[in-house]
Amino acid sequence: MDWREKRSFNFFRNRTAGELSGYFCPQLWSRFVLNTAHHEDAIKHAVISIGGLHELFLLPSPSEDASLLAFAMQHYGRAMHHVVRLDTNKSARAVDVALTVSVLFACIEILRKHFASSLSHIHSGMRILAELARRSEDTPEHYLPRNLLVQMYLRLDTQVMEFGKDGFQAPPAFAITSVDPIPTTFSDIDEARSSFEMCRYQILHFARHVQATKRECDSPSVYVQDYDGRYQVLRQHYNEWVMSFQRMLQRKRTHDLAALTLKASSVALDIILNSCLEPHEMVFDLFTDKFRKLLIITEEIVHGMQQDSRPRRSPKHLEVSCQDGVPGAFPSSSNHDTKPVICMNLGIVPHLYMAATRCREPDIRQRSLYLLKTIKRREGICDSDMLAAFAQKLVLEEEDGARRQMQGVNCDPKRQIKLHSSTQIPETVRIPVSLHRPRDLDAI
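Once you know that position 304 of the sequence shown is 304 in the numbering used here, the rest is easy, because the numbers rise by one and skip nothing.
Structure, rendered in structure tokens:
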């Protein structure tokens, strides 16, 4: 490698790998991907490309460094050149490289803000996993533990379900429907996260199927009856996970950012599970307390993130106190220089977006929007700036519709109408969950 390639490779090793891991164990990126890069040219060039693009991502004006962009894209092209020669039917090595490079290519496109293109790479990797499952082959591992790659694809697939186009959902053979037993307590946060991501994956698949049935079925009682059995299994599974997670937290006097992130994710998933069988948007008004709890935890996470200005290495050194019911007070964006963050692990952006679009309590909604606009985080395909812009449009459309209806009743059309409660936003102007996904990810 020449000096520039070494620079980007070392930037990935020293900065990017830890940041992509969020506040969880970074071994996929900092150990296995880097080790594989020393043996496989496709991985090496992809890592160099990501290192260059990440450095560009952190610049105040990325468009000003055209040479760095050209350098990163050159190595992206070289990585693709090596990948086309792979034959995943012939060796475990080719399978490992193909699965890894699909994630790395998705990461490259995410850094370029080409979210729709990133989905195609995610889908390519899922097709490989689906084909392995269809052939019932236990392909030996060559470079990386297969379970780490599967967890990554589960995580990305949940984002595809939430924000991707309908044509990018996981192939049917990749859908996992069996429920694994939950231990009495988790040994550490990474075991809890791994178990949670499987639980979340199944619940979001279930919610997606229910949504599709809702569009085709006139009678809610029919589809509720059809799905009730599966719902009860998933509800029991989720409850067992919560109990095990709580037992683990009881052993810790303080909660680090990984634990808080997982806690926020569990609250968000609880809202999804509680609401998925309900036919009307008004159901979300029943979960105001859960949305408020979600916001409180998220504010605490943001406060901890702002205290942590160093490059991400190990998440275990930073800890913040966790007190339910006490909002985290943190400096405003005007007093704190927020650096953009790229992450391919569990995060908070989807939860803030859900709170801003599904909770109609004005204070929770506006606070969630404020955080989305200020945190500058790109978690997989969930970009805080992009989703803040889309959420703002949804909020304005709903609230303008509510004001128009109220003006129709109000005798004084010049009177300023202030919304102070979710009850002022009727069902008729609420935008259903099925329309909460951006129609064009790259156009926002």
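Just so it is clear, CB atoms sit at the ideal spot from N, CA and C, and this is done for glycine as well.
query, result
"Count the other CB atoms within 10 Å of the CB of residue 167; is the residue buried (16 or more) or exposed (fewer)?", "Note on residue 167: pLDDT 46, under 50, position unreliable in the model; the coordinate value appears next. When all chains shown are included, residue 167 counts as exposed."
"In terms of residue numbering, what span does the beta strand (DSSP E) encompassing residue 379 cover?", "377-379"
"Ignore the nearest five residues each way along the sequence and tell me which others in residue 273's own chain have a CB closer than 7 Å to its CB.", "203, 234, 235 and 238"
"If the criterion is Cβ atoms closer than 7 Å, does the pair residue 45 and residue 93 meet it?", "no"
"Beta-carbon within less than 7 Å of residue 368's beta-carbon, same chain only, minus the 5 sequence neighbours each way: which residues are those?", "295, 352, 355 and 356"
"To which residues does DSSP link residue 343 through a beta bridge?", "379"
"Specify, as a first and last residue, the run of the alpha helix (DSSP H) that residue 102 falls within.", "92-111"
"State the beta-bridge partners of residue 385 as determined by DSSP.", "Partner(s): none; residue 385 has no beta bridge."
"Which of the three DSSP states, helix, strand or coil, is assigned to residue 255?", "strand"
"Counting pairs of Cβ atoms below 8 Å between the stretch 277-294 and the stretch 369-376, do you hit three or more?", "no"
"Keeping to the same chain, check which residues put their C-beta closer than 7 Å to that of residue 183; ignore five residues upstream and five downstream.", "244"
"Have a look at residue 322 and residue 305 and give me their C-alpha separation to the nearest angstrom.", "Note on residue 322: pLDDT 38, under 50, position unreliable in the model; no value is reported."
"Using the beta-carbon count (16 or more within 10 Å), is residue 345 buried or exposed?", "buried"
"For residue 59, count neighbouring Cβ atoms within 10 angstroms of its own Cβ and tell me buried if that reaches 16, exposed if not.", "exposed"
"Considering only residues of the same chain and omitting the five flanking positions on each side of residue 431, which have a CB-CB separation below 7 Å?", "394, 397 and 398"
"Can you list, in chain order, the residues of its chain with a C-beta nearer than 6 Å to that of residue 424? Leave out the 5 residues immediately preceding and following it.", "402"
"Hey, could you find the ends of the alpha helix (DSSP H) residue 427 is sitting in?", "It is not in any alpha helix (DSSP H) - residue 427 carries neither H nor E in the DSSP assignment."
"Select from 121, 132 and 23 the residue whose C-alpha is nearest the C-alpha of residue 190.", "23"
"Along the alpha helix (DSSP H) that carries residue 360, what are the first and last residues, could you check?", "Run containing residue 360: none; DSSP gives neither H nor E here."
"Taking 6 Å as the cut-off, is the beta-carbon of residue 118 closer than that to any non-hydrogen atom of the ligand ATP?", "Because no ligand of any kind appears in the structure shown, any question about the ligand ATP cannot be addressed here."
"Measuring alpha carbon to alpha carbon, tell me which of 52, 210 and 193 ends up nearest residue 279.", "210"
"Considering just the uninterrupted stretch of the alpha helix (DSSP H) at residue 196, what are its terminal residues?", "189-216"
"Indicate the three-state DSSP secondary structure (helix, strand or coil) for residue 30 in the structure shown.", "helix"
"Quick check: the Cα distance between residue 216 and residue 17, rounded to an integer number of angstroms?", "44 Å"
"Using C-beta distances below 8 Å, list every residue in its chain close to residue 364, excluding the 5 sequence neighbours before and after it, in chain order.", "288, 291, 292, 295 and 355"
"Take residue 226 and list the residues in its own chain whose beta-carbon comes closer than 8 Å to its own, dropping the five residues that flank it on each side.", "213"
"For residue 266, count neighbouring Cβ atoms within 10 angstroms of its own Cβ and tell me buried if that reaches 16, exposed if not.", "buried"
"Cβ atoms of residue 197 and residue 151: under 7 Å apart, would you say?", "yes"
"Helix, strand or coil: how does DSSP classify residue 179 here?", "coil"
"Which residues mark the beginning and the end of the alpha helix (DSSP H) in which residue 89 is found?", "Per DSSP, residue 89 belongs to no alpha helix (DSSP H) and is neither H nor E."
"How far does the alpha helix (DSSP H) with residue 125 in it reach, from first residue to last?", "115-134"
"Does the CB of residue 17 have a neighbour CB from chain D at under 7 Å?", "Given the protein chain composition of this structure (a single chain), no chain D is represented."
"For my contact list, residue 159 and residue 347 are in at a C-beta cut-off of 8 Å; report their separation, rounded to the angstrom.", "With 8 Å as the limit, residue 159 and residue 347 do not qualify as a contact, their Cβ atoms being about 10 Å apart."
"For residue 317, which residues from the same chain have a beta carbon less than 6 Å from its beta carbon, with the 5 sequence-adjacent residues on both sides left out?", "Residue confidence for residue 317 is low, a pLDDT of 36 falling below 50, so the modelled location carries little weight; the figure read from the coordinates is stated next. For residue 317, where only same-chain residues beyond five positions count, there are no Cβ hits under 6 Å."
"Beta-carbon separation of residue 128 and residue 88 under 7 Å?", "yes"
"Residues in its own chain within less than 6 Å of residue 82 by CB, not counting five upstream and five downstream?", "41 and 42"
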